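Working notes, beginning with the structure itself.
In the working numbering, the protein residues as written are 1 to 198.
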């Protein structure tokens with residue numbers, strides 16, 4: 001028996017049936033399934049994305065502090081005038097430059113990202129090469145000056161070294177710091193992860 005002769009199949013009918021099916025679209029159940037799958041993937045990815053965002057917020061805050069200190073030192077050397085940096089909790093940096101009348105005028109003001117603060121969380125040791133007791137400590141104060149020779153001094157003109165600690169409110173087990181070495185005015189970025197400063 002030849003079924004093709006008994007039941008001839010029209011090829012255009014097959015094509016139109018296929019087109020009819022594809023024009024139909026998706027059902028409500030299929031749409032719900034896709035939305036549920038997307039929600040499961042998003043829920044699984046959220047902790048990783050959140051943790052990564054917190055890490056980069058802390059890193060960008062450290063880079064902001066580091067670059068503002070370095071730029072101020074370079075401008076003090078290039079312009080042959082003093083620059084004063086004032087660090088205020090929770091996360092504000094005010095930079096003042098000395099004008100021709102030897103007064104300090106506002107140069108710029110910077111802020112850390114929202115959840116990042118100047119703080120050394122409890123349980124994290126201080127950097128051993130710089131003796132300090134506070135979250136922001138430049139010879140017992142929260143400010144210092146760069147002179148025209150690039151050195152860092154206090155309000156009395158004495159050379160000082162200091163450090164400012166940076167941490168994220170959601171990651172208290174990690175910390176960043178930026179240190180300033182008084183005689184040279186050179187800065188260094190520090191990272192506390194895995195139980196030690198690097």
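The C-beta atom is built at its ideal place from N, Cα and C for all residues, glycine as well. Small disclaimer: the values here were computed from a predicted structure and weren't measured.
Beta-carbon contacts of residue 135 that lie in its chain and below 6 Å, excluding the five residues immediately before and after: 118, 119, 120 and 165
Residue 28, buried or exposed, once every other Cβ within 10 Å from all chains shown has been counted against 16: exposed
According to DSSP, residue 59 sits in a beta bridge with which residue or residues? Paired residues: none, contrary to the question.
Contact the region 51-61 vs the region 71-79: 3+ CB pairs below 8 Å: no
Under the rule that 16 or more other beta-carbon atoms within 10 Å means buried, what is residue 147, buried or exposed? buried
Tell me, which residues are paired with residue 136 by DSSP? 164
Where residue 71 sits in the DSSP three-state scheme: helix
From residue 86 to residue 95, what does the alpha carbon distance come to, in whole angstroms? 6 Å
Over what stretch of residues does the beta strand (DSSP E) that includes residue 109 continue unbroken? 104-111
Cα separation between residue 116 and residue 167? 6 Å
Contact between the region 137-155 and the region 173-189: three or more CB pairs below 8 Å? yes
Per DSSP, what kind of secondary structure is residue 189 in: helix, strand or coil? strand
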